[in-house]
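Novice: Numbering (the working numbering), first residue to last: -17 to 477.
Idealized CB from N, CA, C, for every residue including glycine.
Mind looking over this structure? Questions follow.
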């Protein structure tokens, strides 16, 4: 569009005469006359003395530098400049947004919210080409195993059939019953059938079994044992009897099995937890010394409390103003047992006695009045009166004696006899014993040793064995069995 000198645009003028209809022919001289009058009524200011840098014509056409134009139109050059500025601003905003978002970790995903969990990734120690390293979450009686894939952080369930190959870390064959909750294995599926092709215990995964003195730092996400620090993450499994355990609840007194690779911790399995022993009126004992199973124990004097591993223990309290006070107690996991030391004023050594055991074998279990004691116990403090003692050892006949505790120590000599097995069975010396419970989930002990939560299977030598099962809210289940076949099963019924 050509803009006339003075800034008036010919294109904005209405060529219609006010008294004429639109479309009627108007003479050119009339038009010129109206243009002239318009210029007289609206004189244009003098243009600024500027040179158009893009003036490549004959110089007869001039461009106005006015800031506004009739009809809202403006020169093409100014429009281009304005568009260029807007475009530059848009590009700048886009670049700034990209840089800002990339620094905020929002590109390529959603930024994780702040949580109390740590960011340690235990899967970094497992290379992609090493197969499916997985943690066994459950292995039921139908031979269905649930796994947690450490690398992919996914769950899967596979059935173990007759074609499944089960091997240990050395390549030797193992039984299905030997798979434990919390074990780390390398597993593969057979052609998307839902059946396990191979399950093997990897040789590059370390195990530290039944250890004590484990220190857990929940703020750093680390576990320390024997001056070595291991890292755990949100997907590290802390379990006890198949149930999850908060890492901070693990104490140095607990018995733990650790499983991991390099410095990454995959599993912390709590084998034996702890309870608390509280002494009332401990402040009344002068120079008090407390021994647990013959070892001097450090007690928290502020609350007179002692942290102690679950199970049976012999406690002896001594002081300068009392005679030794001895008691046998059974500590329950996550429970508190209270001992009132006021009783020491009346309970003297004359009310208790000592039973000394001389057994011709080692690694035996002592059962006093139906209560099992620590393996190879040689001395028991018991109240005066008659007691029943049984000695049990795999492969030997059970031997029981009656003993009466008096003022003097009662000394008992016991000779265990090796169990005789029929000649046709001499080639087989062990059998699998399966223990079930009704209701389920009972704690099972065999020969005084904790085995696990029912149902459980244990390979035992031929002979007589002592079985105990505990279920909260019920009386203990106790029985003896004789293993004389490759497989034997028993059900602990709680009523």
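Return the CA-CA distance between residue 443 and residue 415, expressed in angstroms with no decimal places.
Specialist: Answer to the nearest angstrom: the Cα atoms are 10 Å apart.
Novice: For residue 134, which option in 350, 116, 467 has the closest C-alpha, if you only look at C-alpha atoms?
Specialist: Comparing Cα-Cα distances from residue 134 to each of 350, 116, 467, the minimum goes to 116.
Novice: Can we say the stretch 264 to 275 touches the stretch 213 to 223, given the rule of at least three CB pairs closer than 8 Å?
Specialist: As far as the Cβ criterion goes, the stretch 264 to 275 does not touch the stretch 213 to 223, which means the pair count is below three.
Novice: Please return the same chain residues whose Cβ sits closer than 8 Å to the Cβ of residue 472, not counting the five positions on each side in sequence.
Specialist: Within the same chain, residue 472 has close Cβ partners 415, 416, 417, 418, 449, 461, 463.
Novice: Can you list, in chain order, the stretches of the beta strand (DSSP E) that have 3 or more residues and sit fully within the stretch 151 to 232?
Specialist: If we require 3 residues or more, the beta strand (DSSP E) runs fully inside the stretch 151 to 232 come out as 166 to 171, 178 to 182, 188 to 193, 197 to 199, 204 to 207, 210 to 213, 219 to 222.
Novice: Between residue 146 and residue 334, what straight-line distance do the alpha-carbon atoms span, to the nearest angstrom?
Specialist: Straight-line Cα distance between these residues: approximately 58 Å.
Novice: Residue 391: buried (16+ other C-beta within 10 angstroms of its C-beta) or exposed?
Specialist: That one is exposed.
Novice: Here's the rule: buried if 16 or more other CB atoms are within 10 angstroms of the residue's CB, otherwise exposed. What is residue 268?
Specialist: Exposed, because fewer than 16 other Cβ atoms sit within 10 Å of the Cβ of residue 268.
Novice: When you compare the CB positions of residue 435 and residue 186, do they come within less than 8 Å of one another, or not?
Specialist: In this structure, residue 186 does not lie closer than 8 Å to residue 435 by Cβ.
Novice: Express the C-alpha separation of residue 395 and residue 368 in angstroms, rounding to a whole number.
Specialist: Going from the Cα of residue 368 to the Cα of residue 395 covers about 17 Å.
Novice: Does the separation of the CB atoms of residue 252 and residue 221 fall below 8 Å?
Specialist: Yes; because the gap between Cβ atoms is below 8 Å, this pair is in contact.
Novice: Using the Cβ count rule (16 or more neighbours within 10 Å means buried), how would you classify residue 468?
Specialist: By the 10 Å Cβ count, residue 468 comes out exposed.
Novice: Can you name, in chain order, every residue of its own chain whose Cβ lies under 8 Å from the Cβ of residue 470, other than the five neighbours on each side?
Specialist: Result list for residue 470: 413, 414, 415, 416, 463, in chain order.
Novice: List the whole-angstrom C-beta distance separating residue 242 from residue 200, where the pair is believed to meet the contact cut-off of C-beta under 8 Å.
Specialist: The Cβ separation is near 17 Å, so there is no contact.
Novice: Excluding five sequence neighbours on each side, which residues of the same chain lie with their C-beta closer than 6 Å to the C-beta of residue 457?
Specialist: For residue 457, where only same-chain residues beyond five positions count, there are no Cβ hits under 6 Å.
Novice: Are residue 319 and residue 257 close, meaning C-beta to C-beta below 8 Å?
Specialist: Yes; because the gap between Cβ atoms is below 8 Å, this pair is in contact.
Novice: Thinking just about the alpha-carbon of each residue, which of 301, 248, 250, 284 is nearest to the one in residue 266?
Specialist: Comparing Cα positions, the closest option is 301.
Novice: Near residue 197, what residues of its chain come up, given a Cβ to Cβ distance below 8 Å and the 5 sequence neighbours on each side ignored?
Specialist: The answer, listed in chain order, is 205, 206, 207, 234.
Novice: Within a Cβ cutoff of 8 Å, which residues of the same chain sit near residue 361, ignoring the five residues on either side of it in sequence?
Specialist: Same-chain partners within the cutoff: 336, 337, 338, 339.
Novice: Inspect the beta-carbon positions of residue 248 and residue 163 and report whether they are closer than 8 Å.
Specialist: Not closer than 8 Å, so no.
Novice: Whose CA, out of 151, 227, 348, lies closest to the CA of residue 376?
Specialist: When each option's Cα is compared against that of residue 376, the closest is 348.
Novice: In three-state terms, what does DSSP make of residue 132?
Specialist: Looking at residue 132 - three-state DSSP - the assignment turns out to be coil, as it is neither helix nor strand.
Novice: Got a sec? Which residues, its chain only, sit under 7 Å from residue 122 by beta carbon, not counting five neighbours each side?
Specialist: No residues qualify anywhere along the chain.
Novice: What distance in whole Å lies between the Cβ atoms of residue 323 and residue 264, which are believed to be in contact at a cut-off of 8 Å?
Specialist: With 8 Å as the limit, residue 264 and residue 323 qualify as a contact, their Cβ atoms being about 6 Å apart.
Novice: My guess is that residue 169 and residue 129 are in contact by the Cβ rule of under 8 Å, so how many angstroms apart are they, rounded?
Specialist: At roughly 6 Å, the Cβ-Cβ gap stays under 8 Å, so residue 169 and residue 129 are in contact.
Novice: So, at 7 Å on beta carbons, what are the nonlocal neighbours of residue 316 in its own chain, with the 5 sequence-adjacent residues on each side left out?
Specialist: Correct list, in chain order: 255, 257.
Novice: Hey, would you say the C-beta of residue 431 is under 7 Å away from at least one heavy atom of the ligand FMN?
Specialist: The ligand FMN is absent from the structure shown, which contains no ligand whatsoever.
Novice: Name the one or two DSSP bridge partners that residue 337 has.
Specialist: For residue 337, which the question treats as bridged, DSSP gives the partners 362, 392.
Novice: Determine the DSSP secondary structure at residue 303, reduced to helix, strand or coil.
Specialist: Coil.
Novice: Along the chain, where does the beta strand (DSSP E) that runs through residue 400 open and close?
Specialist: Unbroken run through residue 400: none, as it is neither H nor E.
Novice: Look at the alpha carbon of residue 389 and the alpha carbon of residue 397, and state the distance between them as a whole number of angstroms.
Specialist: Cα-Cα distance, rounded: 25 Å.
Novice: Counting C-beta neighbours from all protein chains within 10 Å, is the total for residue 96 16 or more, i.e. buried, or is it exposed?
Specialist: Because the pLDDT of residue 96 is 33, which lies under 50, any placement of that residue in the model is unreliable, and the number read from its coordinates should be weighed accordingly. Result: exposed.
Novice: DSSP beta-bridge partners for residue 279?
Specialist: In DSSP, residue 279 forms no bridge with anything.
Novice: Give every residue of the same chain whose Cβ lies closer than 8 Å to the Cβ of residue 475, excluding the five residues on either side of it in the sequence, and list them in chain order.
Specialist: 419, 420, 459, listed in sequence order.
Novice: Quick one: residues in its chain with C-beta nearer than 6 Å to the C-beta of residue 433, no 5 flanking neighbours on either side, listed in chain order?
Specialist: Hits under 6 Å: 426, 440.
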